[in-house]
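Asker:
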Amino acid sequence: MADFVEPDWIRAGFAQAMSDMYRAEVPQYGTLVALVERINADVLARDPDLAAALERAGGLDRLSGERHGAIRVGTAAELQLCARAFAIMGMEPVGYYDLAPAGVPVHSTAFRPVDPASLARNPFRLFTSLLRLELIADGALRADAATILARRQIVTPWALALIEQAERDGGLPEADANRFVTELLETFRWQRHATVDAETYAALLASHRLVADVVSFRGPHINHLTPRTLDIDAAQGAMPGAGIVPKESIEGPPRRACPVLLRQTSFKALDEPIDFGGVPGRHLARFGEIEQRGVALTPKGRALYDTLLARGGDAFAELPDDWDALRREGLAYFAYSASGKLGAPAGASLDALVAGGYVVADPIVYEDFLPVSAAGIFQSNLGEATRAHYAGASNKAAFEATLGRPVIDEFALYQAQQDASIAALAL
Ligand code: OOG
Ligand code: NI
Numbered sequence: 001m002a003d004f005v006e007p008d009w010i011r012a013g014f015a016q017a018m019s020d021m022y023r024a025e026v027p028q029y030g031t032l033v034a035l036v037e038r039i040n041a042d043v044l045a046r047d048p049d050l051a052a053a054l055e056r057a058g059g060l061d062r063l064s065g066e067r068h069g070a071i072r073v074g075t076a077a078e079l080q081l082c083a084r085a086f087a088i089m090g091m092e093p094v095g096y097y098d099l100a101p102a103g104v105p106v107h108s109t110a111f112r113p114v115d116p117a118s119l120a121r122n123p124f125r126l127f128t129s130l131l132r133l134e135l136i137a138d139g140a141l142r143a144d145a146a147t148i149l150a151r152r153q154i155v156t157p158w159a160l161a162l163i164e165q166a167e168r169d170g171g172l173p174e175a176d177a178n179r180f181v182t183e184l185l186e187t188f189r190w191q192r193h194a195t196v197d198a199e200t201y202a203a204l205l206a207s208h209r210l211v212a213d214v215v216s217f218r219g220p221h222i223n224h225l226t227p228r229t230l231d232i233d234a235a236q237g238a239m240p241g242a243g244i245v246p247k248e249s250i251e252g253p254p255r256r257a258c259p260v261l262l263r264q265t266s267f268k269a270l271d272e273p274i275d276f277g278g279v280p281g282r283h284l285a286r287f288g289e290i291e292q293r294g295v296a297l298t299p300k301g302r303a304l305y306d307t308l309l310a311r312g313g314d315a316f317a318e319l320p321d322d323w324d325a326l327r328r329e330g331l332a333y334f335a336y337s338a339s340g341k342l343g344a345p346a347g348a349s350l351d352a353l354v355a356g357g358y359v360v361a362d363p364i365v366y367e368d369f370l371p372v373s374a375a376g377i378f379q380s381n382l383g384e385a386t387r388a389h390y391a392g393a394s395n396k397a398a399f400e401a402t403l404g405r406p407v408i409d410e411f412a413l414y415q416a417q418q419d420a421s422i423a424a425l426a427l
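Going left to right, the sequence shown walks through residues 1 to 427 as UniProt numbering numbers them.
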């Protein structure tokens with residue numbers, strides 16, 4: 001047992017390896033990261049309180065590390081294999097996202113660390129989408145796609161052997177963990193050579209760009225990575241000056257004094273040369289994204305957010321832009337700790353203890369994704385002029401059956417974190 005390395009350590013190594021690979025493959029992504037680092041440094045120089053808070057929350061040196069990436073797999077077997085590989089790095093499936101209502105034939109989860117200490121050590125997560133071939137109307141094309149996907153093996157033999165070894169032994173020693181990272185990287189590497197001919201690609205593309213992206217290649221290339229920015233509006237504004245074309249608008253809530261959930265933007269996917277069995281062609285898939293995260297909302301807060309989002313315009317003004325109001329109205333999650341002030345009245349309520357300055361409430365950061373935003377990111381990078389429409393209900397149960405386990409409820413994680421902080425209060 002003692003000579004196994006921590007899953008957090010393997011994940012950190014994997015995140016770094018993915019980052020290095022993607023910067024080498026997509027130079028524009030490196031430009032975006034540099035721009036974000038410059039803006040973050042500006043924000044921190046202007047706001048020493050924020051710098052101190054970030055230092056307390058896990059260290060400034062981790063600020064520029066990627067927060068997430070995204071992949072798209074084609075079959076149940078591929079999803080299960082990914083889940084096994086990610087489990088070795090302490091990443092578990094959290095949340096269910098149905099993108100079909102937004103015209104994207106996938107459903108998704110995010111593989112991520114779940115406990116706050118692991119998130120603080122390394123927050124890297126992978127938004128993982130499973131193609132829903134059953135939503136493709138053309139039966140012949142659906143069958144072709146299934147046949148093509150059934151032929152491929154998305155992990156190397158070494159990666160598979162190391163997954164099995166880790167499962168059997170309960171972990172990996174350092175040298176094997178390093179080898180596992182190197183081998184797993186191959187699964188997500190860009191392929192310039194398609195596995196299909198130009199004609200098949202065209203047919204897949206005509207059904208949906210995403211179908212072509214998933215089916216035409218040897219494996220699920222990483223399609224973006226996402227560092228954290230402290231000022232997404234500044235980053236969006238600075239992109240054109242750095243030679244980067246941003247998507248038209250930032251996804252998620254508007255700029256607020258008290259940020260909630262998640263705001264994201266990206267640059268437009270690159271148009272890249274591909275070899276289709278000797279025939280040159282092009283494919284649009286890879287981009288760079290940035291995110292700014294705010295407080296996690298409770299089910300009540302989230303319901304309000306979704307209603308206001310649907311109303312659009314300046315409806316968001318109805319979501320209180322004040323930490324205390326968000327907390328007292330039960331709209332957002334907070335972690336409570338003793339302030340150090342003595343003399344708390346016995347039997348006082350939590351609200352009274354906070355009001356009296358005996359207890360501090362810190363917002364709990366939202367670590368998950370937003371289906372409407374995800375759809376917006378998909379759409380702006382698919383270059384799709386028209387939107388597809390998919391009938392059929394959201395299919396969480398089918399996704400979980402495919403995965404072989406239920407996805408973890410993100411609200412339950414935030415609630416447990418808040419409850420544990422209250423239980424640990426010793427005044
Ligand atoms: C995933 C898009 C979703 C996000 O940040 O919401 C996503 C994809 O394009 O495969 O990554
Ligand atoms: Ni993303």
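Quick reminder that beta carbons are idealized off the backbone N, C-alpha and C, glycines included. Nothing here was measured: the structure is a model prediction, and the numbers come from that model.
Say the cut is 8 Å; is the CB of residue 443 nearer than that to a heavy atom of the ligand NI?
Answerer: Since the first residue shown for the chain is 1 and the last is 427, residue 443 is missing from the structure and cannot be characterised.
Asker: Between which two residues does the beta strand (DSSP E) harbouring S129 extend?
Answerer: Within the sequence shown, numbered from 1, the residue matching residue 129 stands at position 129. Per DSSP, S129 belongs to the beta strand (DSSP E) from 125-131.
Asker: Taking C-alpha atoms, which residue in D306, R328, R405, E251 lies nearest to I290?
Answerer: The residue you call residue 290 lines up with position 290 of the sequence shown. Ranking D306, R328, R405, E251 by Cα distance to I290 puts E251 first.
Asker: Could you check if A161 belongs to the surroundings of the ligand NI, using beta carbon to heavy atom distance under 8 Å?
Answerer: Stepping through the sequence shown from its first residue, residue 161 is reached at position 161. No, Cβ of A161 sits at least 8 Å from all heavy atoms of the ligand NI.
Asker: Let me make sure I understand the geometry here. Which of D321, L270, D351 has the alpha-carbon closest to that of R328?
Answerer: As a position in the sequence shown, residue 328 is number 328, starting the count at 1. Closest option to R328, Cα to Cα, is D351.
Asker: Quick check: A338 and V354, are their CB atoms within less than 9 Å of each other?
Answerer: Looking up residue 338 in the sequence shown gives position 338. Looking up residue 354 in the sequence shown gives position 354. For A338 and V354, no; Cβs fall outside 9 Å.
Asker: Can you tell me which of E174, A53, G170, V215 puts its alpha carbon nearest to the alpha carbon of R72?
Answerer: In the sequence shown, the residue the question calls residue 72 occupies position 72. It is V215.
Asker: By DSSP, does V372 sit in helix, in strand, or in coil?
Answerer: Locating residue 372 in the sequence shown gives position 372, counting from the first residue. Helix at V372.
Asker: Just to check, is the beta-carbon of S19 closer than 8 Å to a non-hydrogen atom of the ligand OOG?
Answerer: The residue given as residue 19 occupies position 19 in the sequence shown. S19: no, Cβ never under 8 Å from the ligand OOG.
Asker: Beta carbon of T128, beta carbon of A17: below 9 Å?
Answerer: Numbered from 1 along the sequence shown, position 128 holds the residue referred to as residue 128. Numbered from 1 along the sequence shown, position 17 holds the residue referred to as residue 17. No, the pair does not count as a contact, with Cβ atoms beyond the cut-off.
Asker: Cβ-heavy atom distance between residue 464 and the ligand OOG below 8 Å?
Answerer: Residue numbering for the chain in the displayed model covers 1 to 427; residue 464 lies beyond these limits and cannot be assessed.
Asker: Who does G69 pair with in a DSSP beta bridge?
Answerer: Your numbering for residue 69 matches position 69 in the sequence shown. Looking at the DSSP assignment, G69 forms a beta bridge with L126, L225.
Asker: Could you tell me whether the segment 273-283 touches the segment 294-308, where touching means 3 or more Cβ pairs closer than 8 Å?
Answerer: Verdict: no, contact absent.
Asker: Measure the C-alpha to C-alpha separation of L184 and A325 and round it to an integer number of angstroms.
Answerer: Mapped onto the sequence shown, residue 184 falls at position 184. Mapped onto the sequence shown, residue 325 falls at position 325. One C-alpha to the other measures close to 46 Å.
Asker: Between the Cα of A76 and the Cα atoms of A87, R132, A70, which residue gives the shortest distance?
Answerer: Stepping through the sequence shown from its first residue, residue 76 is reached at position 76. The option with the nearest alpha carbon to A76 is R132.
Asker: Quick one: any contact between the segment 402-410 and the segment 90-106, if contact means 3 or more CB pairs under 8 Å?
Answerer: Enough Cβ pairs lie closer than 8 Å, so yes.
Asker: With T182 as the anchor, note down where its alpha helix (DSSP H) starts and where it stops.
Answerer: Position 182 of the sequence shown, counted from the first residue, corresponds to residue 182. Counting along the chain, the alpha helix (DSSP H) containing T182 begins and ends at 174-187.
Asker: Say whether the segment 192-205 touches the segment 25-41, bearing in mind that this needs 3 or more beta-carbon pairs closer than 8 Å, one atom from each stretch.
Answerer: The segment 192-205, when compared against the segment 25-41, does not touch it at the 8 Å Cβ threshold.
Asker: Give me the Cα-Cα distance between A34 and A296, rounded to the nearest whole angstrom.
Answerer: Translated into the one-based positions of the sequence shown, residue 34 becomes position 34. Translated into the one-based positions of the sequence shown, residue 296 becomes position 296. The alpha-carbon atoms of A34 and A296 are separated by roughly 28 Å.
Asker: Taking three-plus beta-carbon pairs below 8 Å as touching, is the segment 76-91 in contact with the segment 44-64?
Answerer: Verdict: no, contact absent.
Asker: F287 CB to nearest chain B CB: under 9 Å?
Answerer: Note that chain B does not occur in the displayed structure, where there is just one protein chain.
Asker: Report all residues from its chain with a CB closer than 7 Å to the CB of I232; omit the five preceding and five following residues, and keep chain order.
Answerer: One-based indexing of the sequence shown puts residue 232 at position 232. For I232, where only same-chain residues beyond five positions count, the Cβ hits under 7 Å are I250, R263, T265, I290, Q292.
Asker: At which residues does the alpha helix (DSSP H) containing A194 begin and terminate?
Answerer: To locate residue 194, count along the sequence shown from 1; it is residue 194. No alpha helix (DSSP H) contains A194, which DSSP labels as neither H nor E.
Asker: Flag E25 as yes when its Cβ comes closer than 8 Å to any non-hydrogen atom of the ligand OOG, and as no otherwise.
Answerer: Within the sequence shown, numbered from 1, the residue matching residue 25 stands at position 25. No; taking the cut-off as 8 Å, the Cβ of E25 has no heavy atom of the ligand OOG nearer than that.
Asker: Are the Cβ atoms of G103 and Y390 separated by less than 9 Å?
Answerer: Within the sequence shown, the letter at position 103 stands for residue 103. Within the sequence shown, the letter at position 390 stands for residue 390. Yes.
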